[in-house]
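In the working numbering, the protein residues as written are 444 to 871.
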Ligand SMILES: [Zn+2]
């Protein structure tokens with residue numbers, strides 16, 4: 444079953460095939476579609492073909508009280524305004540079987556989030572069958588590009604099945620549901636297992652892909668949990684060398700699995716919470732070039748921080764609104780940080796008091812928030828609290844008005860952040 448080559452043939456007729464390099468954009472308040480697309484036009488001028496994928500997760504829609512069609516409208520409007528000719532996609536980000544229906548109309552990219560099912564075992568018969576189907580890998584398995592052959596034992600296959608088979612079966616369920624509603628070949632599928640406690644090592648990736656093939660999910664991107672911490676809006680925390688080694692090995696495993704299991708030929712890694720991970724951008728860039736691999740990098744979450752930076756730079760009413768957002772976020776610390784506890788690391792002692800922030804000029808606010816590590820004013824705790832504080836802004840009429848009034852200075856910051864700190868470092 445796993446070696447079903449017809450599955451491979453089916454892939455060749457697939458109509459929606461995502462490009463090699465794609466960039467997850469989108470923003471909490473759907474106001475910066477144009478500025479973001481301008482950044483991708485700039486990428487083109489720099490010689491990189493990067494296609495946009497607008498994303499906003501169910502969780503974010505709930506917090507901002509918005510519907511998925513607002514993201515589709517934002518994307519369509521930006522594409523029309525700038526005359527964008529290439530593909531673009533709208534991602535139903537982190538959906539599960541309960542939430543996916545809300546996105547059927549507006550999305551053509553589905554990030555199937557099955558992290559909650561990882562670590563829970565599938566039924567015994569399924570596990571046995573899976574181990575049997577992968578028996579041929581037992582022993583020393585050479586994978587092109589990986590120096591030392593992988594040591595595969597029956598125990599490794601079984602433990603991978605116990606950790607991930609149920610999750611992938613669930614992904615199969617969601618995939619088939621979307622396929623039934625939208626029609627095969629009309630959407631891109633991503634499988635995400637990034638929001639889990641434990642990272643997946645490359646050998647587990649092999650068996651996760653085996654399970655994906657067995658469920659006949661034509662996944663074009665996969666988002667594993669990598670080693671290290673991918674906190675929201677700040678740099679990577681972890682062993683960069685180990686990350687680099689595993690990232691390279693994952694790319695080799697994917698190339699091997701595409702051949703072995705007949706998965707879509709363009710299957711690539713997707714990096715979630717991918718914004719601001721400056722210390723691993725160089726290793727990522729080297730690896731995708733070395734292996735001639737594709738990449739999907741999600742960055743949407745910090746665009747709204749550029750709105751705050753733009754408001755601060757505008758001084759006057761804009762700065763006043765930015766300060767009010769901070770004061771309120773500071774006062775609602777537990778409520779705002781709770782849902783994001785596993786992806787932020789804030790040292791409360793290093794947070795500034797709202798009274799102190801009130802004394803600042805716009806330059807000081809912008810420099811404290813903007814992710815320029817060499818600037819002594821930059822404060823990652825301030826940044827992380829504001830990152831999860833979009834709920835506060837969503838409740839302020841004055842916020843939306845200030846964003847509209849200061850569109851130009853905000854757009855400049857959104858554009859520069861994507862081009863200078865992200866696109867140039869990863870893709871150019
Ligand atoms: Zn994610």
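Quick reminder that beta carbons are idealized off the backbone N, C-alpha and C, glycines included. Everything numeric in this text was worked out from a predicted model, so none of it was measured.
From the options, pick the residue whose C-alpha is nearest to that of residue i; which is it?
{"i": "residue 881", "options": "761, 607, 586 and 598", "result": "In this structure the chain extends from 444 to 871, so residue 881 is not present and cannot be described."}
{"i": "residue 627", "options": "475, 782, 551 and 755", "result": "551"}
{"i": "residue 495", "options": "637, 838 and 477", "result": "477"}
{"i": "residue 803", "options": "759, 831, 793 and 843", "result": "759"}
{"i": "residue 647", "options": "596, 682, 527 and 492", "result": "596"}
{"i": "residue 556", "options": "653, 666 and 569", "result": "666"}
{"i": "residue 799", "options": "769, 849, 563 and 624", "result": "769"}
{"i": "residue 566", "options": "582, 613 and 521", "result": "613"}
{"i": "residue 777", "options": "816, 553, 850 and 831", "result": "831"}
{"i": "residue 747", "options": "491, 474, 670 and 513", "result": "474"}
{"i": "residue 512", "options": "520, 492 and 548", "result": "548"}
{"i": "residue 792", "options": "822, 783, 816 and 781", "result": "822"}
{"i": "residue 859", "options": "508, 529 and 481", "result": "481"}
{"i": "residue 861", "options": "462, 461, 523 and 486", "result": "486"}
{"i": "residue 531", "options": "516, 640 and 582", "result": "516"}
{"i": "residue 572", "options": "654, 506, 524 and 639", "result": "654"}
{"i": "residue 850", "options": "761, 795 and 668", "result": "761"}
{"i": "residue 505", "options": "591, 749, 459 and 545", "result": "545"}
Start and end of the beta strand (DSSP E) containing residue i?
{"i": "residue 495", "result": "494–500"}
{"i": "residue 824", "result": "Not the beta strand (DSSP E): residue 824 falls in the alpha helix (DSSP H), residues 823–830."}
{"i": "residue 738", "result": "738–741"}
{"i": "residue 795", "result": "Unbroken run through residue 795: none, as it is neither H nor E."}
{"i": "residue 872", "result": "Any property of residue 872 remains undetermined from this structure, which presents the chain solely from 444 to 871."}
So residue i packs on residue j, CB below 8 Å; how close in whole Å?
{"i": "residue 882", "j": "residue 771", "result": "Lying before the first or after the last residue shown, residue 882 is absent from the chain, which here runs from 444 to 871."}
{"i": "residue 600", "j": "residue 634", "result": "With 8 Å as the limit, residue 600 and residue 634 do not qualify as a contact, their Cβ atoms being about 19 Å apart."}
{"i": "residue 877", "j": "residue 604", "result": "In the structure as shown, the chain starts at 444 and stops at 871, and residue 877 therefore has no counterpart that could be examined."}
{"i": "residue 390", "j": "residue 683", "result": "Lying outside 444 to 871, the shown extent of the chain, residue 390 is not represented and no answer is given."}
{"i": "residue 686", "j": "residue 723", "result": "6 Å"}
{"i": "residue 493", "j": "residue 866", "result": "7 Å"}
{"i": "residue 706", "j": "residue 738", "result": "Actually they are not in contact, since the Cβ atoms of residue 706 and residue 738 sit about 17 Å apart, beyond 8 Å."}
{"i": "residue 700", "j": "residue 751", "result": "Wrong, their Cβ atoms sit about 42 Å apart, outside the cutoff."}
Under DSSP, the alpha helix (DSSP H) around residue i begins and ends at which residues?
{"i": "residue 534", "result": "Residue 534 -> not in any alpha helix (DSSP H); beta strand (DSSP E) instead, spanning 532–538."}
{"i": "residue 632", "result": "Looking at the DSSP string, residue 632 is not in any alpha helix (DSSP H); the run it does join, the beta strand (DSSP E), is 631–635."}
{"i": "residue 604", "result": "597–625"}
{"i": "residue 552", "result": "No alpha helix (DSSP H) holds residue 552; the beta strand (DSSP E) holding it covers 552–556."}
{"i": "residue 466", "result": "From DSSP, residue 466 is part of no alpha helix (DSSP H) but of the beta strand (DSSP E) over 464–468."}
{"i": "residue 697", "result": "683–704"}
{"i": "residue 583", "result": "It is not in any alpha helix (DSSP H) - residue 583 instead sits in the beta strand (DSSP E) that spans 582–584."}
{"i": "residue 722", "result": "721–733"}
{"i": "residue 488", "result": "476–488"}
Counting only C-beta atoms, is residue i closer than 8 Å to chain B at any point?
{"i": "residue 866", "result": "Among the chains of the structure shown, chain B does not appear; only one protein chain is present."}
Would you check if there are 3 or more beta carbon pairs closer than 8 Å linking the region 787–798 to the region 714–729? Verdict: no, contact absent.
Would you check if the region 678–696 and the region 721–740 touch, i.e. whether three or more CB-CB distances between them fall below 8 Å? The region 721–740, when compared against the region 678–696, does touch it at the 8 Å Cβ threshold.
How about the region 656–666 and the region 606–620: do they share at least three Cβ pairs that are nearer than 8 Å?
A contact exists between the region 656–666 and the region 606–620.
Which residues count as close to ligand 1 when the rule is a CB under 5 Å from any of its heavy atoms, in chain order?
Every residue with a CB closer than 5 Å to a heavy atom of ligand 1 is listed here in chain order: 637 and 715.
Below 8 Å, how does it come out for the region 802–817 and the region 744–760: are there three or more Cβ pairs, yes or no? Contact between the region 802–817 and the region 744–760 is present, because at least three Cβ pairs lie under 8 Å.
* To do: Could you tell me whether the region 466–483 touches the region 735–742, where touching means 3 or more Cβ pairs closer than 8 Å?
  => Touching, yes.
- Query: Are the region 521–538 and the region 496–510 touching, with three or more C-beta to C-beta distances below 8 Å?
  - Reply: Flag = yes, the region 521–538 and the region 496–510 touch.
| message | For the region 677–685 against the region 814–829, do three or more pairs of beta-carbon atoms, one drawn from each stretch, fall closer than 8 Å, so that the two count as touching? | response | Three or more Cβ pairs closer than 8 Å define a contact, and the region 677–685 meets that threshold against the region 814–829.
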